[in-house]
Amino acid sequence: MTNAAAERSAVTGIDPAAGNAAGTPADASPKRWKFSDLLADPVVRARWEKVRGYFFLRESTYDMSNRCNLRCDGCYYYEGAKQFTLENCDPEDWRKLMQEEKARGITYVVLAGAEPSLVPEILKVCFAEMPLGCIATNGVRRIDSAVGYRIHISVWGNDRTSAQIRKARNLLKRQIDNYRGDPRAVFVYTFTRENIEEISEAMEVLAAADCRTTFNVFSSPVGYDGSLRHDETSLARTREAMCEMMDRYPRNVLFSPYNAVAHTHARGLHDLYGCSYPRRNESDAIGLGRSFRQFRTDLTWDREVACCVPDTDCDDCRHYAAGSAVVTARLYRHVTDPSTFRAWLDYVDTYLAVWVVGYEKGENLCAELVPPPGSEAIRKV
Amino acid sequence: MPEGKEIRELILRIAGIIIEELKLEEITPEKFDPDMDLVDELGVDSMDLATVALVLQDEYGVFIDEDDYPKLKSIRLIAEYLQSRLSGAKG
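Here it is as structure tokens:
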């Protein structure tokens, strides 16, 4: 076990009654930290200034096509009403939409469902109008280098599992062949209940090809109760596996201990942080509740269902995209003590490295598994 | 009713903090319209507002509840909010 792992292991064993992340005994009043105190450390201040330079990012998401060249078990796209909308394939309609989005303050687009690589001309139009964004793809078909968005390539286990779940042979090899050495690419390994141990094999292959990788946690679509759905034991084991990979492949893994905590906690993201997407947030006064829209392939949207991965069961949501917005937005809850604030900075630094082309992640500032504010310490596996 | 000296000073200080934290250029606290809608007219987002609220908390020693952030839509509203908190703390 590495020193960092040993330190984390010690922290995971903390009983809630024994104290908090700041090391305060349970029977003493915790010190009330001022924001300026937390920023007094020059390393912390530098990281804060680095991440706050990106507070201007305001996202919306767009389904690009109702077609896909794979058909995966547990796919979010082929749930709910959105899969039945017609495709608008007119590049000029998309150009107009992007211009309207820019005019209402959107600065970052997430191009997703079902498979964006199948509409290459529309991707080019979007990039021409809106230079910051990300494409979520299965990586089977390479996206033209002229489209300078971040590209997230979904990995769901080893090749045996991909063949079973995604009906695709040699998928990881094909994905790496398409995106090896591509500065846009980040591979996203989704932990399901069934593929946790496969991360070692997949990560070995990805690291050998020098591919950057981040982690997602399978979040059940509404009504899904299949074998991919996590339980408390699989979440705890996922957290361990994430930490092992961070230790083993620090150059390739874009993640932090706090990411691991936030996304593998027994309570989901909405329960822990309060989801700020319109689907679960009635307020349109400020933030995501005001600006976020989730467009379907016919360029319509519905506030009632608008979130980053529609048709996810909110109680089971641990999605990496959701966390990137929801955890980041809860800055004020993390200004409680140095460890918690550093953990939040690591989370935001990770989110920016995963989502923004050219943003380089710094070293994690907090090696501990800090519990989310207001929740109990993480239980030992 | 003319504005009291206390609230005028508060407005100027809040304007200064917003200018500094949001790195606004070509504006001074004196020229900052205290009734400007920070969200609609200035484009302030939730992260900007959280940052400003944290700096104000430090400076005035009052707790600003996250649920109250949406109410803080202009410098004047922030000043009145702070003033009520400060007078509540004194009482």
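These protein sequence lines map, in sequence, to chains A and B. Note that the working numbering has the first sequence beginning at 1, numbered continuously upward. Note that the working numbering has the second sequence beginning at 382, numbered continuously upward. Glycine residues also receive a C-beta, built at the ideal position from the N, C-alpha and C atoms.
By the Cβ rule, the segment 288 to 298 of chain A does not count as touching the segment 401 to 413 of chain B, because fewer than three pairs are nearer than 8 angstroms. Distance between residue 63(A) and residue 136(A), taken at the CA atoms: about 10 angstroms. Under the 9 angstroms criterion on CB atoms, residue 436(B) is classed as interfacial with respect to chain A. For residue 40(A), none of the residues of chain B pass the 7 angstroms Cβ criterion, the least Cβ distance being about 12 angstroms.
Taking 9 angstroms as the cut-off, the Cβ atoms of residue 453(B) and residue 430(B) count as close. The alpha-carbon of residue 103(A) is positioned some 11 angstroms away from that of residue 130(A). Secondary structure of residue 178(A) (DSSP, three-state): helix.
Nearest to residue 353(A) by C-alpha distance, out of 336(A), 177(A), 256(A), 208(A), is 256(A). Runs of alpha helix (DSSP H) with 4 or more residues, each lying fully within the segment 262 to 333 of chain A, are found at 269 to 273, 288 to 291, 320 to 329, listed in chain order. With respect to residue 245(A), residue 215(A) sits close: the two C-beta atoms are nearer than 9 angstroms. The continuous stretches of alpha helix (DSSP H) do not include residue 56(A), and DSSP gives it neither H nor E. Non-local beta-carbon contacts of residue 463(B) in its own chain, meaning distances under 7 angstroms to residues more than five positions away in sequence, involve 391, 437, 441, 443 in chain order. The beta carbon of residue 287(A) sits closer than 7 angstroms to the beta carbons of 276, 329 from its chain, once the five residues preceding and following it are set aside; these are given in chain order.
Interface flag for residue 447(B) against chain A is set, since a Cβ pair is found closer than 9 angstroms. For residue 256(A), there are no C-beta contacts with chain B under 8 angstroms, since the nearest C-beta of that chain is about 19 angstroms from it. At the C-beta level, residue 120(A) and residue 151(A) stay beyond 9 angstroms of one another.
Under the three-state reduction of DSSP output, residue 63(A) falls in the strand class. Distances from the alpha-carbon of residue 282(A) to those of 236(A), 88(A), 305(A) put 305(A) closest.
By the Cβ-count criterion, residue 414(B) is exposed, with fewer than 16 other Cβ atoms from all chains shown falling within 10 Å of its own Cβ. The C-beta distance from residue 170(A) to residue 198(A) rounds to 15 angstroms, too long to meet the 8 angstroms contact threshold.
For residue 145(A), no chain B residue has a C-beta closer than 9 angstroms to its own C-beta; the minimum C-beta separation is roughly 32 angstroms.
Pairing residue 327(A) with residue 77(A), the inter-Cα distance amounts to about 24 angstroms.
The C-beta separation of residue 365(A) from residue 43(A) comes to about 7 angstroms, placing the pair in contact by the 8 angstroms criterion. Here residue 213(A) is buried. Its C-beta has 16 or more other C-beta atoms within 10 Å.
For residue 165(A), there is no enclosing alpha helix (DSSP H), as DSSP marks it with neither H nor E. Taking C-beta atoms under 8 angstroms as the contact rule, residue 141(A) and residue 117(A) qualify, at a distance of about 4 angstroms. Residues of the segment 329 to 351 of chain A whose Cβ lies closer than 7 angstroms to any Cβ of chain B, in chain order: 329, 331, 332, 335. Residues of chain A whose Cβ lies closer than 9 angstroms to the Cβ of residue 418(B) do not exist, since the nearest Cβ in that chain is about 11 angstroms away. For the pair of segments examined, the segment 43 to 61 of chain A was found not to touch the segment 84 to 95 of chain A: the number of CB pairs separated by less than 8 angstroms stays below three. Relative to residue 371(A), the option among 359(A), 154(A), 338(A), 355(A) whose CA is nearest is 338(A).
Nearest neighbour of residue 320(A) by Cα position, chosen from 208(A), 181(A), 259(A), turns out to be 259(A).
For residue 125(A), the closest C-alpha among the options 356(A), 187(A), 99(A) is that of 99(A).
Per DSSP, residue 185(A) is one residue of the beta strand (DSSP E) stretching across 185 to 191. Residue 138(A) places its beta carbon 9 angstroms or farther from that of residue 164(A). Close partners of residue 58(A) in chain B (Cβ separation under 7 angstroms): 426. Using beta-carbon distances, residue 450(B) counts as an interface residue toward chain A, with a partner under 9 angstroms.
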